[in-house]
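Engineer: When you read off a place in the sequence shown, starting at 1, and then add 61, the result is the number in my numbering.
We put the CB at the ideal spot given by N, CA and C, even for glycine.
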Amino acid sequence: MSTLERLFARVHWLEGENKRLEARLRRERERRRAAEARAAVRTKPAAPAGGPDPEGAARLEAIVRDIYGSRK
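#1: Alpha carbon to alpha carbon, what distance is there between Glu-76 and Arg-92?
#2: In its own chain, which residues sit with a C-beta less than 7 angstroms from the C-beta of Ile-124, not counting the 5 before and 5 after it?
#3: Given this structure, state the Cα-to-Cα distance separating Arg-85 from Leu-121, to the nearest angstrom.
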């Protein structure tokens, strides 16, 4: 195998490795966002006695849209 062929093979391998690492990073970011959303729901104060908390619902909706909107 010539030097040029070895170089092309190495570049091809590095491109594959880069794709694998990018996918891993993407999964980790999604996992982290989902954990933050769950934590936000758990730590959110209870709704006032007067009824549901529209501000909290809007925040939760924005978080969910941030997490799942990127998949479209």
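Structural biologist: Let's see:
#1: As a first step, residue 92 must be located in the sequence shown, where it is residue number 31. As a first step, residue 76 must be located in the sequence shown, where it is residue number 15. In this structure, the alpha-carbon of Arg-92 lies about 24 angstroms from that of Glu-76.
#2: Position 63 of the sequence shown, counting from 1, holds the residue named residue 124. Excluding positions up to five away in sequence, the list reads Ala-98, Ala-101.
#3: By one-based count along the sequence shown, residue 85 stands at place 24. By one-based count along the sequence shown, residue 121 stands at place 60. The alpha-carbon atoms of Arg-85 and Leu-121 are separated by roughly 26 angstroms.
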